[in-house]
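The listed protein sequences correspond, in order, to chains E and B. Take 0 as the starting number for the first sequence in numbering that gives the first Met the number 0 and just add one per residue. Take 0 as the starting number for the second sequence in numbering that gives the first Met the number 0 and just add one per residue. Written below as structure tokens is the structure these notes are about.
2 protein chains.
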Amino acid sequence: MTENNTQQRILQTAAELFAAKGFDALSMRDIATACEMKAPSLYNHFKDKQELYHATLQFVFSQQSPALIDCLQSDIPAQQKLNDFIALACRQMAGSMIFRQLFIRELLEQDESRLQFLAKEVMNDTCKSLHSVFLEINPKCDPHFLTTSLMGLLFFHFQANSLRLYLPGGSEKMQSLDYLIPSIQQIILNHLNATAI
Amino acid sequence: MTENNTQQRILQTAAELFAAKGFDALSMRDIATACEMKAPSLYNHFKDKQELYHATLQFVFSQQSPALIDCLQSDIPAQQKLNDFIALACRQMAGSMIFRQLFIRELLEQDESRLQFLAKEVMNDTCKSLHSVFLEINPKCDPHFLTTSLMGLLFFHFQANSLRLYLPGGSEKMQSLDYLIPSIQQIILNHLNATAI
DNA sequence: TACAGACTAACAAACGTTAGTTAGTTAATC
DNA sequence: GATTAACTAACTAACGTTTGTTAGTCTGTA
């Protein structure tokens, strides 16, 4: 139990640090210090740095989807399900940069086996539920394109929130959920409704 | 001239490597080897690793915008200008991963001064031209949101092209420019046209 | 002769990791 | 209930390697 507890604490700390700095910029000593221990102690819990990183990815990625899937399978009209989903995803994106940054780092790394894990183990169920909702709203739509587009909008709008302030027309108001949620909902819905049925 | 030539060669090589591996995973010896020289020789051209990295960013980012801006300022209908712009940006994204990956890495790093450089020196002019086109098509639209959304779609769709194959509904066909260009054009246009004038 | 730009050799610091030790806890024995 | 053995999980010390970088040297060109 102490074992498990320490392990969880290491994973949580490592997640924050890996997300912020990336695999190579982060040393085992950094992680250990943040966990209030010494680097060699980490090896009592994880074989090596790679294994700790993989465990961190699984730890973070497995937490995200359940709430999203629940939201897509509730018993309300499809369009409202989609709006709820987008709102929740936005809140998750804004609430913690850990998932978002780790995800984007994985996209950059382009490691085939890890991309496959990401797609099959982490995203597959959510995507399929989302496809159903898209098709329910408009059976002629392209659910894969819509899903990927929505992910792009979600990840980019929140990741670029610091950049936004320096871009023309960017303001603090546009970083807020109150602004981003309805805007993203509308761009997706507009596309769904515009495609001829 | 040899000086300038070598410098350019180093920058081009460094750009490819920094884009692929990131700042920390890449050593001066790696860069030197790829340039067919020894690491200390790099210091004849750049003060240190940081300066080489900054020079690389400037080298890469300054090449991208001119063609895009030209495309937005030609003398054709606004809607066609926008379509041409999106098509060209897609081709740039697909043609080389260097710009795309370096840009995303900068978004991850969240370094305020470099984000500011990115926004003001690299993207500002393109964004402003793009805003004009958006407003020409629909004066009631939100050009900042549209610009950011378009960037999100462009970066994500091309960066996630490897991931796409493992996602439900993903296929090689959907990685192609023939598929992505019109799809992205349409999602933006639909949103532009849907906003009440 | 001067100088740019390549080189070799070498530095200190930081890296991931291992070995060996120690303190605290649990379980079984007397 | 006390004693011992076994185990967990922390520690210190240290390893070999790689890192960014500097100093000093050689070579070709102007």
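Using N, Cα and C, we set each Cβ at its ideal position, and we do this for glycine too. For clarity, every value in this text was computed on a predicted model and none was experimentally measured.
Interface flag, residue 184/B vs chain E, CB-CB below 8 Å: Closer than 8 Å: no.
Coarse secondary structure for residue 171/E, derived from DSSP in three states: The answer is helix: DSSP assigns residue 171/E an H, G or I state.
Cβ shell of residue 105/B (< 8 Å), same chain only, five flanking positions each side left out: Answer for residue 105/B: 56, 113, 114, 117, listed in chain order.
Expected contact under 8 Å - CB spacing of residue 58/B and residue 10/B to nearest Å: Contact flag correct, Cβ pair sits at about 4 Å.
Partner residues on chain E for residue 150/B, Cβ-Cβ distance less than 8 Å: Against chain E, a Cβ distance below 8 Å from residue 150/B picks out 155, 159.
Where residue 75/B sits in the DSSP three-state scheme: It is coil, neither helix nor strand.
Cβ separation of residue 168/E and residue 143/B, assumed to be a contact under 8 Å, to the nearest whole Å: Between the beta-carbon of residue 168/E and that of residue 143/B there is about 3 Å, and that keeps the pair under the 8 Å contact cut.
At least 3 beta-carbon pairs within less than 8 Å: the stretch 40-52 of chain E vs the stretch 93-101 of chain E: Touching, no.
The stretch 30-38 of chain E in contact with the stretch 80-100 of chain E per 3-pair CB rule at 8 Å: Verdict: no, contact absent.
Cβ-based burial, residue 172/E [other Cβ within 10 Å; buried from 16]: So residue 172/E ends up on the exposed side.
Exposure of residue 1/E, with buried meaning 16 or more beta-carbon neighbours within 10 Å: Residue placement at residue 1/E is poorly supported in this model, since its pLDDT is 36, which falls under 50; the coordinates still yield a value, given next. Residue 1/E comes out exposed.
is_contact[residue 137/B, chain E] using C-beta, thresh 8 Å: Any Cβ of chain E closer than 8 Å to the Cβ of residue 137/B would place that residue at the interface, and such an atom is absent.
Buried versus exposed, by CB contacts within 10 Å (16 or more), residue 137/E: When all chains shown are included, residue 137/E counts as buried.
Same chain only: Cβ atoms within 6 Å of residue 84/E, ignoring 5 sequence neighbours per side: Answer for residue 84/E: 70, 71, listed in chain order.
Residue closest to residue 197/E, alpha-carbon to alpha-carbon, out of 77/E, 8/E, 153/E: With chain E running from 0 to 196 in the structure shown, residue 197/E is simply not present.
Under 8 Å between C-beta atoms of residue 193/B and residue 193/E: With contacts defined by Cβ atoms closer than 8 Å, residue 193/B and residue 193/E form a contacting pair.
Cα-Cα separation, residue 110/B to residue 24/E: Distance between the alpha carbons of residue 110/B and residue 24/E is about 15 Å.
Residue-chain proximity (residue 55/B, chain E), Cβ-Cβ < 8 Å: The beta-carbon of residue 55/B is placed no less than 8 Å from the nearest beta-carbon of chain E.
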